[in-house]
Amino acid sequence: MARVLGLLLVFTGLVVGLAGLWLALLGGSRYYAPAGMGLLLSGVLLLLRQPAALWTYAVLVFATLGWSLWEAGLDWWPLAARGDVLFLLGLLLLLPRVTRSLDAGSPYYDLDRWDDLPPAPALYGGGYALAVALALFALVGVASWFQDAHRVEGTAEAPTGMAEPGAVAESTPPGEWHAYGRTGHGQRYSPLGQITPANAAGLQPAWQYRTGDLRGQPGDPVETTFQVTPLKVGNRLFLCTPHQSVIALDATTGAEVWRYNPQIQDKLALQHLTCRGLSYQAASPPLAAPAASGQPPLAAVQAPAPRPGLPVAATAAVPTTASCPGKLFMPTADGRLIALNPDNGAVCTSFGGGTGQIDLWAHMPNVKPGAYYATSPPVLARGLIIIGGTVLDNVSTQEQSGVIRAFDVNTGALVWNWDSGNPEATAPLAPGQTYTPNSPNSWSVSSVDEALGLVYVPLGNQPPDQWGGRRSAAVEKYSSSVVALELATGRVRWHFQTVHHDLWDYDVPAQPSLVDLRLGGRVVPALVQPTKQGELFVLDRRSGTPVLPVREDAAPQGAAEGDRTATTQPRSALSFDPKPLTDRDMWGATMFDQLYCRIAFHRLRYEGRYTPPSTQGSLVYPGNFGVFNWGGVAVDPQRQMVFATPTYLAFVSRLVPRPDDTSLLVQGKERPEGSLPSLNENFGAPFAVKLSAFISPLGIPCQAPPWGYVAGADLRTGRLVWKHKNGTVRDLAPVPLPFGMGVPNLGGPLMTAGGVAFLSGTLDDYVRAYDVSNGKELWRSRLPAGGQATPMTYTGADGRQYVLVVAGGHGSLRTRAGDHVLAYALPP
């Protein structure tokens, strides 16, 4: 055994030593090269059966412990990665069969006689030194279990009991949920208070419904996801599935009431296949009144005839109705917007000139079905339905327009269009005209303040995301911004850019949350905008001026050929931007993949946040997964606080020079099938791009955990109140061990007046409840699939408060697939 262990130490020492020398030459840690020499020397001495092998190894363990504490402090997971291999090898060295082999003069040297004999004399020297070193390492590790270096403790102020100021007063009944964020203000806050921190642990499953819609069907892109947040109107729940069915359920029992299938066109050029939600219009209000600017509202124009081959909304199997007092609106993956009667799922033929639908490809350049559609629900206000759409990321420079359009909610006639590539012309286009190709799009959810007559639109940037050398002045002005448009005219009232000359896919991903803040005896109508880079910009929604300070920080320079970088980038006083990565932040399950990650880190270009993409390969941190993504944040208007779910993952962006406009450079063996697009090829641009998570060969993030948190912050001051790592690696690790390391989240939170928040989007399959005042986890329940959606809550016909969770998984995150809708409530 000693010989085998000696050979193992020699081999390990050679690998670690040579890789450590490479790392040192790259400017990284100088620990690994001498550590490799220590392993090599220990192995050689063990092969020679010299007791000095144990002394040498003991010195190595002592030195490693000191280095680990210097780099990581009492932080368990970084400590474990630095010492796990050495600790296990040290335990093997202390086995009696090994120690007895190290004294040739001992009567116990014969390895066939080791059973039932006392320890060899070799143990009394270096063996005891090694035992002490290992025991000390173990004690330090145990001590690290009792502290959390990443935890921020605090308690939020109790709610004042004051009603929210009138500008954000809502007509939505307390027990209902009429829009994606419950109302057009996007707070994801419910005034229900039946569930409290005192009783949340008693939540139980109330009912479960399965849609029958699972990912993996022919033509599905990788990112086929069940991300819907259902609506609740009366005693009905309304939701849509990834493959675009619309379903109505009884809100108290979960029984299906009706189902509508829009018969989606096949062979679509899809990057995503999802539906985040529907839109609901209770009545038929008049069109928008003149804006505060005094500009008259625009006259509605009937949209052009639908393109040939477009599926119809109503078939022989689907009922129709000419009159719909209320309407549900469903955007489809083939570029339609369909109006349905909430009572029975009938198609509303008064909408869309008798067809019940409008064609969103009208006036659109570069028609390619599936390449453009609204993955998020439109917003409704003052008789208008306002909608944007997603375009293919990084496929070509000849994509569709990111135009924002407002249609008459009753007829479907086009009222105005705002195209960031041609921002001054908001009147409906004339026949034969098209919108600006490739202009920045809005794929997320907008918010609306009807009292101010404004809709707030989060915008992305122009593809390709990582190279912007040919962007126009108009595109540059509005890219990666939140834009306030007048409801009556579509004209820009103000805009705020969250990142200048975006080269990192830092599009504005989340719905703005509107809240009135009490500041120094006055009420300020505010807007809270989460961003992928971790900023929470708090702005006056009347003017776009910052409520919390925003400064411009110097940014790294040196863009790719033909491009440029902005000299500064904005940073909010309320920021979840992580600290820049360093060599000591690299991590792995063992010292080997940690060493790999350190070498990879130093081979990449990295100068902190906003390091420009490069042909060398640039480290992008935070990555385009986002600190915040489409789930956004939840805002409590009474406590004046935000419940946030920051996620931290680094990505690698590598530009690949294109020799022509047709070659596939980055697809590898995963060539798209059928009509699915060739992602990241950037046809028409000088560079394709390779994008990947920054992970080790074991598929583990190269940066140390935690990777995900829940946090509470005061919106009036920007003060972080509390912050806790969140989630386990139970469903991410090869062995399902529920280590609470803090994992990424994709999906939004929900807050309630009862002081309880809910979240289901973490990449372990749980829904959790938290005390919003301090972040304490109150309850959790295992989900049958990934819960990458935003929960909602409502009151059933039985008077109970229900919490509703959709669990269907996420294709590109590879969380468990499902088709589940689950309701939880306190016992009756």
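Numbering (our numbering), first residue to last: 927 to 1754.
Cβ atoms here follow ideal geometry from the backbone N, Cα and C, with glycine treated the same way.
Element boundaries [alpha helix (DSSP H), containing residue i]
i	result
methionine 1718	Here methionine 1718 belongs to no alpha helix (DSSP H); instead the beta strand (DSSP E) covers 1718-1721.
leucine 1056	1052-1070
glutamine 1520	1517-1529
arginine 929	928-951
glutamate 1595	According to the sequence shown, residue 1595 is lysine rather than glutamate. Segment: none, lysine 1595 is in no alpha helix (DSSP H) and carries neither H nor E.
arginine 1023	1022-1025
phenylalanine 988	978-998
methionine 963	958-973
Contact belief for residue i with residue j at Cβ below 8 Å, rounded distance in angstroms
i	j	result
glycine 1009	threonine 990	6 Å
threonine 1352	tryptophan 1344	5 Å
leucine 1265	phenylalanine 1255	Note on identity: in this sequence residue 1265 is alanine, with leucine being the wrong assignment. 6 Å between Cβ atoms; contact.
tryptophan 1513	tyrosine 1574	Actually they are not in contact, since the Cβ atoms of tryptophan 1513 and tyrosine 1574 sit about 12 Å apart, beyond 8 Å.
aspartate 1509	serine 955	6 Å
leucine 1263	leucine 1286	6 Å
leucine 973	glycine 932	4 Å
glycine 1549	alanine 1436	In fact, because the Cβ distance is near 16 Å, the residues do not count as touching under 8 Å.
leucine 1545	leucine 1530	5 Å
tryptophan 1705	alanine 1126	5 Å
Those residues which DSSP pairs with residue i across a bridge
i	result
leucine 1017	Beta-bridge pairing links leucine 1017 to no other residue.
histidine 1198	Glu1149
cysteine 1166	Val1172
glutamine 1629	Met1512
leucine 1440	Leu1453
asparagine 1343	Arg1331
proline 1496	Glu1478
asparagine 1700	Paired residues: none, contrary to the question.
valine 883	What the structure shows of the chain is the stretch from 927 to 1754, and residue 883 is not part of that stretch, so it cannot be assessed.
tryptophan 1705	Ala1695
tyrosine 1750	Pro1131 and Val1729
asparagine 1336	In DSSP, asparagine 1336 forms no bridge with anything.
valine 1464	Val1454
threonine 1109	Gly1107
threonine 1081	Threonine 1081 pairs with nothing; no bridge assigned.
N-terminal and C-terminal residue of the beta strand (DSSP E) that residue i is part of
i	result
lysine 1158	1157-1159
glutamate 1182	1182-1186
histidine 1076	Run containing histidine 1076: none; DSSP gives neither H nor E here.
isoleucine 1264	1262-1266
glutamine 1727	1727-1733
glycine 1551	Contrary to the premise, residue 1551 reads as phenylalanine rather than glycine in this sequence. Taken as a continuous stretch (DSSP letters only), phenylalanine 1551 belongs to no beta strand (DSSP E), as it is neither H nor E.
serine 1579	1577-1583
lysine 1253	1253-1257
alanine 1796	With the chain covering only 927 through 1754, there is no way to say anything about residue 1796.
alanine 1683	1682-1685
leucine 1676	1676-1678
Cβ pair residue i, residue j closer than 8 Å
i	j	result
leucine 944	isoleucine 1525	no
glycine 1673	glycine 1722	no
alanine 1492	histidine 1421	no
alanine 1576	phenylalanine 1518	no
glycine 1119	threonine 1471	no
valine 1682	proline 1123	yes
aspartate 1260	glycine 1296	yes
phenylalanine 1164	glycine 1734	no
threonine 1537	proline 1583	no
valine 1011	alanine 928	no
leucine 1199	proline 1168	yes
leucine 1385	aspartate 1431	no
alanine 1132	alanine 1749	yes
serine 1372	tyrosine 1382	yes
glutamate 1533	arginine 1497	no
valine 1731	proline 1717	yes
valine 1409	threonine 1424	no
serine 968	leucine 940	no
proline 1085	glutamine 1564	yes
Proximity test, residue i beta-carbon vs the ligand SAM heavy atom, cut-off 7 Å
i	result
leucine 1204	For the ligand SAM, the structure offers nothing, since it holds no ligand at all.
Could you tell me which uninterrupted beta strand (DSSP E) segments, each at least 3 residues in length, are contained entirely in the segment 1114-1142, listed from first to last along the chain? 1130-1136
Would you mind listing the beta strand (DSSP E) stretches within the segment 1606-1657 that are 3+ residues and don't spill past its ends, in chain order? 1613-1619, 1635-1640 and 1646-1651
Which runs of the beta strand (DSSP E), 3 residues or longer, sit entirely within the segment 1358-1435? 1373-1375, 1380-1384, 1407-1412 and 1418-1423
Go through the segment 1276-1324 residue by residue and report every complete run of the alpha helix (DSSP H) that reaches 4 residues or more, in order. Fully contained in the segment 1276-1324 is no alpha helix (DSSP H) run of length 4 or more.
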